[in-house]
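Q: In the working numbering, the protein residues as written are -2 to 244.
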Ligand SMILES: Cc1cc2nc3c(=O)[nH]c(=O)nc-3n(C[C@H](O)[C@H](O)[C@H](O)COP(=O)(O)OP(=O)(O)OC[C@H]3O[C@@H](n4cnc5c(N)ncnc54)[C@H](O)[C@@H]3O)c2cc1C
Ligand SMILES: NC(=O)c1ccc[n+]([C@@H]2O[C@H](COP(=O)([O-])OP(=O)(O)OC[C@H]3O[C@@H](n4cnc5c(N)ncnc54)[C@H](OP(=O)(O)O)[C@@H]3O)[C@@H](O)[C@H]2O)c1
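1. Under 8 Å, do residue 207 and residue 239 count as touching if we go by C-beta distance?
2. Any heavy atom of ligand 2 within a distance shorter than 7 Å of the CB on residue 232?
3. Roughly how many angstroms separate the alpha carbons of residue 129 and residue 162, rounded to a whole number?
4. Taking buried to mean at least 16 other C-beta atoms within 10 Å of its own C-beta, is residue 233 buried or exposed?
5. Determine the extent of the beta strand (DSSP E) in which residue 37 is found, giving its start and end residues.
6. Throw me the rounded Cβ distance for the residue 28 and residue 49 pair, which I believe falls under 8 Å.
7. Candidates 78, 52 and 12: which alpha carbon is nearest residue 38's?
8. What's the call for residue 123, buried or exposed, on a 16-neighbour Cβ count within 10 Å?
9. Tell me whether residue 87 is buried or exposed, calling it buried when 16 or more other Cβ atoms sit within 10 Å of its Cβ.
10. For the beta strand (DSSP E) that residue 86 lies in, which residues bound it at each end?
11. Let me know the secondary structure DSSP gives residue 158 once reduced to three states.
So this is what it looks like as structure tokens:
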């Protein structure tokens, strides 16, 4: 089978002027929750391809990708303009280690995301594994502005399905919003306010942490978690922190 499959855009969901999701019909793609594929368009006869995480869980046949328009970015600004019925190339070579198969055993699963990196966690949270493996699952989801918080209905559905196991905490950093934490995730780890809110400790005995998004946020979270005794999870040396950077 060739790597590139011809897909068809079913929908372009516009969350706001810079955040969109494409729903794509395409055959022959399989993946594990948390993984990504590459989307591509031909631009002036040249294929421009970039990685995007699956938002849908593996058992859902329509594939969904959530992204922002990066100023000057060659692919993202074309993707946001796509319309229903337009063709798009999707790679059948799915990849990535931000999956629960890579995460060692633990009691509590912490998922830390900025911006569009909520996507792979929505895939993971709508599969069976987290609920079978962890007593509690926490998602911290950080955005600049309230209007950037997306997929709230999906998060409500996940909460309804797992009311005692699941908690999600929004962080809004650039305006004051009721029921959201202010500032950044690493600061809330450092000052203990995230653990206090959840009445749950981040430690090397109970916690497994998955982090995805802005590379500076990934770096700062790792540093905050290391100061609590957690270590990076490597295949040859299992630890507590499993990460993916978006750029
Ligand atoms: C494993 C992996 C999975 C990814 N999954 C997603 C996803 O699900 N959704 C998504 O929106 N993006 C995702 N990305 C980023 C995505 O692949 C593109 O880089 C992004 O959409 C911009 O594409 P572009 O062609 O417009 O610009 P590019 O030429 O790719 O990027 C231009 C510059 O913009 C910056 N940049 C890249 N991505 C972002 C971003 N998301 N936000 C802010 N700045 C950025 C970088 O500094 C980069 O050098 C992922 C990246 C990786 C490595
Ligand atoms: N969000 C928008 O309104 C907007 C509008 C148009 C275009 N864009 C473009 O989209 C791109 C991505 O923007 P985004 O808002 O999705 O993502 P982002 O810049 O990664 O911000 C998302 C969240 O991550 C936080 N963050 C940033 N660095 C961090 C760090 N080192 N440690 C912990 N948290 C950190 C931000 O806090 P801080 O607020 O404190 O940085 C914010 O709460 C940008 O390049 C931007 O040009 C964004």
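Glycine is no exception: its CB is placed at the ideal position from the N, C-alpha and C atoms.
Note that the coordinates shown come from a computational prediction; the quantities given were computed from them, not determined experimentally.
A: From the atom records:
1. yes
2. no
3. 10 Å
4. exposed
5. 33 to 40
6. At roughly 11 Å, the Cβ-Cβ gap does not stay under 8 Å, so residue 28 and residue 49 are not in contact.
7. 78
8. buried
9. buried
10. 84 to 88
11. helix
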